[in-house]
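Reminder that position 134 of the sequence shown reads as 149 in the numbering used here, one-by-one numbering, no gaps. Glycine included, C-beta positions come from ideal geometry on N, C-alpha and C. Keep in mind it's a predicted model, so treat the numbers as computed, not measured. Each remark here refers to the structure printed beneath this line.
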Amino acid sequence: MPAFASHSVTLALSPAEAWAKLSDLSLAPHYVPGLTGCQFHPGPRQGLGASRRVLQKRGQWLDESVIDWQDGSGFLLRLHRGAEGAPMPFREATFRYALQAEGKGCRLTTRMDYRLRGGRLVEWLLAKAFAKAVRQITENLKLYYETGVTQNAEFKASQ
């Protein structure tokens, strides 16, 4: 059974407004810490099968491929490095974004499911760090979606 980290926020946007932003997979560098850019692989830019390479500091990169797409409510990304599978320290990893109507706005829940190389002990040791990272991504996304101001200093510096 994979370990997971999850965080949820209320967005001051209608579900339709939030989905318009969330479904634009090019926006991740505006709210994910450490990203410096985004390039799409050949094929769709939205929906099942869409795939992007997110660029990181010091020339690092990560591929994110859509393996589940629920139009209007969310999607699931598989995190990998090309055909090699998940990057170290992961054995496997996915990241889910889910929207749900709530009052006049909506709730965004993010969740990273993962299995680490090294097993349960390593998962336990790194659990707080992954929870903090998921929380930061989610809080940054909220601020970016609501204000339009990029929340990632590395991306601002690379532009």
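Remark: fewer than three beta-carbon pairs, one from each stretch, lie closer than 8 Å, so the region 130-140 and the region 41-59 are not flagged as touching. Under a 10 Å Cβ-count criterion, residue 140 is classified as exposed, with fewer than 16 other Cβ atoms of the shown protein chains found around its own Cβ. In chain order, 47 place their CB closer than 6 Å to the CB of residue 152, counting only its own chain and leaving out the 5 sequence neighbours on each side.
Separation of residue 123 and residue 36 (C-alpha to C-alpha, rounded to the nearest whole angstrom) is 12 Å.
Burial is judged here by how many other beta carbons sit within 10 angstroms of a residue's own beta carbon; residue 100 has fewer than 16 and is exposed.
Per DSSP, the beta bridge partners of residue 78 are 68 and 95. Within the same chain, 76, 77, 78 and 102 come within 8 Å of residue 96 by CB-CB distance, once the 5 residues on both sides are set aside.
The DSSP-derived three-state label of residue 52 is strand. The region 82-94 makes contact with the region 102-113: 3 or more CB pairs, one atom from each, lie closer than 8 Å. Cα atoms of residue 34 and residue 82: separation of roughly 18 Å, rounded to the nearest angstrom.
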